[in-house]
Amino acid sequence: ANPILGRVPGLEGLILANGFSGHGFQHAPGVGQLIAEEILDGQASTLDISPFSIRRFEHAPG
């Protein structure tokens, strides 16, 4: 699974939590907590979600 978590640059208010390849139900409680923190506090504080940002694809080859 290669989840995408967090805000989408240029689309204010859009926060993604997808790409779990069928394993999302197992991660739902933790991801729900992280996304709630992102919404309420402006960033997830329980875990750094930046490695899962959609921005990681900005410099991908091809």
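In this text, residue positions in the sequence shown follow the working numbering: the first is 76, and each later residue adds one. Yeah, the Cβ is synthetic: ideal placement off N, Cα and C, and Gly gets one too. This structure is a prediction, so every number in the text was calculated from the model and none was measured.
| Item | Value |
| --- | --- |
| Exposed unless 16 or more other CB atoms sit within 10 angstroms - verdict on Leu109 | buried |
| Simplified DSSP assignment, three categories, for Leu109 | helix |
| Asn93 versus Pro78 - alpha carbon distance | 6 Å |
| For Gly81 and Leu115, the rounded distance between their alpha carbons | 13 Å |
| N- and C-terminal bounds of the beta strand (DSSP E) containing Asn93 | 90-93 |
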